[in-house]
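Enquirer:
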Amino acid sequence: MASQPDLLQACRQEAAKAARPALERCMEDAVAALQMAETQSMKVTERNELSTAWLELLKNKASWSTRYPADLLLKFKANVAAAEQSGRAPAAPAKAASRVTPPDSAFTTLSPGIFSLVNDTDVSQAIEAARLLQQVLPAVEQVLAELNSLISAVQGLANVRPELNPLRPEVFAQALREMVSAAPVAPAIASLWNKYLAPPLGRELGHIYQQLVHQLERANVQRASYRVLQTPAGAVSARSGSSGGEGQRSGLQESPGGGNRENRGPGVAPSGRQPADQPFQYADPTGDEIRDGLLQDFLFHGGGHADIGLAPAYYETVDEELAALLATGEDSVLPSLSGWSGAPPSGYGDLPAVDRPPRAVDEGSELDPQRWGAFGRPRERALVRARLKKEATRVGQVLGLEVVRKLVNQVAQDPRLLAPVRQAIVALEPSLLRLAMVDPRFFSDEGHAGRRVMERVAQRSFKYNDEFSAEFLDFFEPVSTAFNDLNALAIDDAQPFGMALATLEDAWDGQDQLELANRNKVLRALRFAEDRQTQADQIAFDLSARSDLEKVPGIVLDFLFGPWALAMAQARLADTRNQVDPQGFGSAVPDLLWSVKRDVTLKQPAKLIEMIPSLLGKLHAGLELLGQDPRENELFFEGLMNLHRPVLKLRRLKSQQDALESGTMPLEPEEAATAPAQRLARAAAPPWLARNELDAAGFEDTLPSLQAGLMPLQGEEEVIDTILPSAVIAAPGAGDSPAQPAPADADQPVASTAMASTEATQILLGLRTGGWVDLYSRRRWLRAQLIWASSKGTLFMFVSHGGQPHSMTQRSCERLIRERLLRPVETHGVVAQALNQLVRETGAAEAAAVHDNL
1235 MASQPDLLQA CRQEAAKAAR PALERCMEDA VAALQMAETQ SMKVTERNEL
1285 STAWLELLKN KASWSTRYPA DLLLKFKANV AAAEQSGRAP AAPAKAASRV
1335 TPPDSAFTTL SPGIFSLVND TDVSQAIEAA RLLQQVLPAV EQVLAELNSL
1385 ISAVQGLANV RPELNPLRPE VFAQALREMV SAAPVAPAIA SLWNKYLAPP
1435 LGRELGHIYQ QLVHQLERAN VQRASYRVLQ TPAGAVSARS GSSGGEGQRS
1485 GLQESPGGGN RENRGPGVAP SGRQPADQPF QYADPTGDEI RDGLLQDFLF
1535 HGGGHADIGL APAYYETVDE ELAALLATGE DSVLPSLSGW SGAPPSGYGD
1585 LPAVDRPPRA VDEGSELDPQ RWGAFGRPRE RALVRARLKK EATRVGQVLG
1635 LEVVRKLVNQ VAQDPRLLAP VRQAIVALEP SLLRLAMVDP RFFSDEGHAG
1685 RRVMERVAQR SFKYNDEFSA EFLDFFEPVS TAFNDLNALA IDDAQPFGMA
1735 LATLEDAWDG QDQLELANRN KVLRALRFAE DRQTQADQIA FDLSARSDLE
1785 KVPGIVLDFL FGPWALAMAQ ARLADTRNQV DPQGFGSAVP DLLWSVKRDV
1835 TLKQPAKLIE MIPSLLGKLH AGLELLGQDP RENELFFEGL MNLHRPVLKL
1885 RRLKSQQDAL ESGTMPLEPE EAATAPAQRL ARAAAPPWLA RNELDAAGFE
1935 DTLPSLQAGL MPLQGEEEVI DTILPSAVIA APGAGDSPAQ PAPADADQPV
1985 ASTAMASTEA TQILLGLRTG GWVDLYSRRR WLRAQLIWAS SKGTLFMFVS
2035 HGGQPHSMTQ RSCERLIRER LLRPVETHGV VAQALNQLVR ETGAAEAAAV
2085 HDNL
C-alpha cells in the first residue's frame, strides 16, 4: 500500500487532541484513589505521603493537561521520521513458529546490563518506567494489535511492524513519566503518581486507540498482516502429535506449487497480503489446533491469521462432519454434557424459588420444540454450524464460529440465570453463527448489537427468580419471539440484532416508566425524611447548647431533642418564604423550658396559667404538621401535666395569704434534675418516618419477613421504636407483625443456621445501589433491587416487581441476612464472564499443549 502521510498526520493530531481530556480523567481517578487509600491507611507517615501526593497532583492538573499533548506531538513527529528510515530496512527475522504472536503481547523487561555505570536515580527511573509500561500494556493489548496492523498499512508496509508505530504505548508512557520526573516533588511522591496514574492511563489509552481504529476503518484502510513464517513439517508434526503429512494438516501450509496458484481448493481465498515472491499461505483449522494456537491468537491478539485462506483438507473434514450429521435421523438426540432435556423434573416448581437446584443446560441440550421449533433440537443447530463452516473462506470465519459455539456453551452453564433464559441463548446460536460469518469478532465489542442482545436479555432476567411466575412468563414471551425471528432471518450484518434489541428495550422502557413514577415518589419521601432528620439532629444539638436547660426534667429534654426538633425541621423544609422561625415553633422552646421549672412558676402562677393554652396549642400544631400520631406522645403530655399541676392548684386560691399558706403545704416530689450528660443531644440512627411515609416506603410490607421464629434481638425493639410509630407496633396491619406468629405453611422458609453477625455486616456493606437480592416477604420469595440507601447507611429501600417498595433499617437488614431471608444475587456481566472463562480455558489448554511437547 502507498504511504498516506495525510492520514497518518490526522491520526497523530487526533491522538494528541484526545490525550488532554484523557490525562485529566486519569488525574481525577488517581486523586480519588489516593484519597481513598489515605482514609484506609493506619500509618500516619503513609497518610501524610498520600495526602501530599493527591494535593500536589491537583496543582499540576492544569499545566500537565496543556503540556502533555504538545510533548506527544513532538514525539510523534520524531517517531514518524525514524519509522521512515527503519521502514526501508526489512524486519528482523523471527524464529519459525506455527503461529504468529503479535508484538507488545508481553511486558517490557529490564535487562541487567542496563544498570552498569549508572547512578541510583537512573536505575529507579528505569524501574518506574518499566512498571508504568507493564501496567498499561495489558489494558491495550487487543486493540493495539488492530491499530498496529492499520498503522503499518498506512505507512506502506507489507507486514505489521509494531516497533514503527509512532503512537505505540511507550510514547504515551514516556511523555507522562517525563512530566512526573520533572515535577519538584520527593521521589516517593513521584512513585505514588506513577502507581496510581498507570491503571487509568491504560484504560484511556485503550479508548484513544479504539477511536483511531474506527477512524482508519472509516477511511477504508486495509489491515497489513502479521508475517507468516514457514513451519517445517517436522515441527508442525511434533506440535500436533502427528507425523508426516498428517501433522501438516493442523498448521499453516505452503501451496505445493508455490506462489499464488489459481487452482486452489474449494473455498480457498488468497490473502492478498503476501509479496509476490513468497508462497501463498493457507490453513486447516481443525482438530486440536482450534483449541491451541489459532484460537489463542484469535482471542488474545485479534487473530493475525484471520484473513488466511482455508486448506482443501479443511473442507474434507467438514464434509465428513456434515455427512455424519445428515446420516443421523431427525429424531436422533446428540450427546449432551448435561444429559438433561429441556423440561423440568416432576415437583421442581413446588420447591421455593431460591432453593431449586440449577437445571443443567449446555449447547447439546434438547429444548422445548413448541417454543423453539426445529432449532430446539441440537441436531438442527449442529447442521447450521456445519453448513456455515463449509461456506467459510477464511480462518477468521471458522474461528468466529468456534468462539460462538464455546461462548453459547459457557453462558448456557451460568447458574445465575434461570434455565429458560440459558435455553434461549442456546436456541439463538444459529443466528449468532450467521453473524460470525460476516463479523467474526463481534463478541469482542461490548457495544456490538449481537453481544448486547445476549447481555441485555440476561441482565433483564435478573429481575426474576422464579421461572414459573406470571411476571417471568410475561418477560420471556417477547424474548422467545425475538429470538425465533432472528433465527428465521438471513444475517448480513448486525442490524437485525439491533432492531430486535430496540423492540425489546422499548417494551421494557414502557414497563419501567410505569414503575418509575411511584418509585420516585417514594424516594422523594425517603430523601425528605433523611434531610429532615439531618436538620433535626442539628437543631437538637443547637438546643442542647442552651444555658437554660438546668433543672429541666429528662422527659421534656427527650421531647425537645426528638419530636420537637423534627417538627421544627419539618417547618423549615416546608417553608417557602425563608422565614427565621417558620410557624413560630422555635419561640415555643423557651416557654416550654420555663413552664417546667417549679421554683420560678410557683412564683408567677398567673403567667404560667396564661401561657399553657397557647403553648399546648403550638405543641399540638407542630406534631400535627409532622404527622405524628397523638398516641406517640401521650407519655410526654401526661408528664407535662404533672409538672404543671402544682401551679394549677393555685387557681383555687383567692388571696395572697392563701397562696403563701399553700406554698408551705407539702407538694408532689419534684423530678430529679438531669445530669449534664443527659442534656446532650444524640443524632438519631435511622431517620424518623411518619405513618403515611412508612406505608409508602413499604416498611409494613417488610415486617412479615421478621418471622415469629426470629426472636427480637437485644436492642432490636429500641431501633424499631425510633423509626416506627408506637401505634404501628401495637396495631399490626394486613400482614403479620413481628410479635404475631405466622402460621406454618408450605411457603414458610426452612430455618437454617444463622450466619455470624460480622459476616452479615460485611454482606450488607457489599450491597450497592442497583444490586439485586432475593427477599422473603409475605411468605413469598421476591427478587428485589436496592435503589436507595441513606447517606449514613442506616436505611435501605428495595423495589420488587411492579415497583413494590420494601424498606428496612440497617439492623433489620442485617438480621434478615443472618437468617438467610435476604440473599444478595451476583449479576456482573454474563457475556464478559463467559468470555473470561473461555480465555482461561484456552490459556490452560495452550499451557498443557506446551507442557506435553516439552
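If you count by our numbering, then the sequence shown holds residues 1235 to 2088, one letter each, in order. Ideal Cβ placement from N, Cα and C applies to all residues, glycine included.
#1: Would you mind giving the Cβ-Cβ distance between V1645 and V2065, rounded to the nearest angstrom? I have them listed as a contact below 8 angstroms.
#2: Take S1991 and list the residues in its own chain whose beta-carbon comes closer than 8 angstroms to its own, dropping the five residues that flank it on each side.
#3: What does a CB cutoff of less than 7 angstroms around L1292 pick up in its chain, not counting 5 residues either side in sequence?
#4: Does the stretch 1784-1795 touch the stretch 1803-1815, meaning 3 or more C-beta pairs lie closer than 8 angstroms?
#5: Whose C-alpha, out of A1547, R1650 and A1616, is nearest the C-alpha of A1594?
#6: Quick check on DSSP: helix, strand or coil for D1589?
#7: Cα-Cα, which of G2037, L1398 and V1830 is closest to Q1747?
#8: Give me whichever residues DSSP pairs with Y2010 in a beta bridge.
#9: By DSSP, does G1598 sit in helix, in strand, or in coil?
#10: Under 6 angstroms Cβ to Cβ from G1634, same chain only, skipping five residues before and after it: list those, please.
#11: Does the count of Cβ pairs from the stretch 1408-1418 and the stretch 1386-1399 closer than 8 angstroms reach three?
#12: Once you ignore the five residues that flank C1245 on each side, which residues in its own chain have a CB closer than 8 angstroms to its CB?
#13: Below 6 angstroms CB to CB, which residues in the same chain sit around S1606 once its five sequence neighbours on both sides are set aside?
#14: Tell me which same chain residues have a C-beta within less than 7 angstroms of the C-beta of T1551, skipping the five on either side of it?
#15: Rank W1298, L1757, D1679 and L1289 by C-alpha distance to the C-alpha of E1258 and give the top, closest one.
#16: Around the C-beta of P1466, are 16 or more other C-beta atoms found within 10 angstroms, so that it is buried, or is it exposed?
#17: So, at 8 angstroms on beta carbons, what are the nonlocal neighbours of A1930 in its own chain, with the 5 sequence-adjacent residues on each side left out?
#18: For F1609, name the three-state secondary structure that DSSP assigns.
#19: Under 7 angstroms Cβ to Cβ from R1619, same chain only, skipping five residues before and after it: list those, please.
#20: Assign R1615 to buried or exposed, taking buried as 16 or more other Cβ atoms, counted over all protein chains shown, within 10 Å of its Cβ.
#21: Does the count of Cβ pairs from the stretch 1681-1688 and the stretch 1717-1737 closer than 8 angstroms reach three?
#22: Between V1691 and I1725, is the Cβ-Cβ spacing less than 8 angstroms?
#23: When you compare only the Cα positions, how much space is there between R1761 and A2023?
#24: Measuring straight from C-alpha to C-alpha, what distance separates D1700 and R1621?
#25: Got a sec, what are the start and stop residues for the alpha helix (DSSP H) Q1389 sits in?
#26: A1704 to L1617, Cα distance in whole Å?
#27: Tell me whether V1419 is buried or exposed, calling it buried when 16 or more other Cβ atoms sit within 10 Å of its Cβ.
#28: CB-CB under 6 angstroms to G1861, same chain, minus the five flanking residues each way: which ones, in chain order?
#29: How should D1240 be labelled, buried or exposed, when 16 other C-beta atoms within 10 angstroms of its C-beta is the threshold for buried?
#30: Please classify D1518: is it buried, with 16 or more other beta-carbons within 10 angstroms of its beta-carbon, or exposed?
#31: Roughly how many angstroms separate the alpha carbons of K1533 and V2073, rounded to a whole number?
#32: Hey, could you find the ends of the alpha helix (DSSP H) L2056 is sitting in?
#33: One question on the structure: do V1314 and L1381 come within less than 8 angstroms of each other, judged by their Cβ atoms?
#34: If distances are taken between C-alpha atoms only, which option among E1554, M2042, A2018 and K2026 comes closest to T2061?
#35: Could you give the residue range of the alpha helix (DSSP H) that holds Q1631?
#36: Excluding sequence positions up to five away, which residues of its chain have a Cβ less than 7 angstroms from the Cβ of L1189?
Expert: Short version:
#1: 7 angstroms
#2: Cβ neighbours of S1991 beyond the five flanking positions: E2048 and R2052.
#3: If you ignore the 5 residues before and after L1292, its C-beta comes within less than 7 angstroms of the C-beta of V1265, all in its own chain and listed in chain order.
#4: With the rule of 3 Cβ pairs closer than 8 angstroms, the stretch 1803-1815 does not count as touching the stretch 1784-1795.
#5: R1650
#6: D1589 sits in a helix when the DSSP states are folded into three classes.
#7: G2037
#8: W2015
#9: Correct three-state label for G1598: coil.
#10: A1670 and P1674
#11: no
#12: These residues qualify, in order along the chain: I1385, V1388, L1401, L1446, Q1449 and L1450.
#13: Going by the sequence as given, residue 1606 is Trp instead of Ser. Contacts found: A1661.
#14: T1520
#15: W1298
#16: Bear in mind that the predicted position of P1466 carries a pLDDT of just 37, short of 50, making it unreliable; the figure below should be weighed with that in mind. Exposed: under 16 other Cβ atoms inside 10 Å.
#17: K1755, V1756, A1759 and P2039
#18: helix
#19: L1635, R1639 and L1667
#20: buried
#21: yes
#22: no
#23: 9 angstroms
#24: 37 angstroms
#25: Neither: Q1389 is in no alpha helix (DSSP H) and is coded neither H nor E.
#26: 35 angstroms
#27: Classification for V1419: buried.
#28: A1924
#29: Taking all protein chains in view, the Cβ of D1240 is surrounded by fewer than 16 other Cβ atoms within 10 Å, so the residue is classified as exposed.
#30: buried
#31: It should be pointed out that residue 1533 corresponds to Leu in this sequence rather than to Lys. Answer to the nearest angstrom: the Cα atoms are 7 angstroms apart.
#32: It is not in any alpha helix (DSSP H) - L2056 instead sits in the beta strand (DSSP E) that spans L2056 to V2059.
#33: no
#34: Per the Cα distances, A2018.
#35: V1629 to A1646
#36: The first residue shown for the chain is 1235 and the last is 2088, placing residue 1189 beyond what the model contains.
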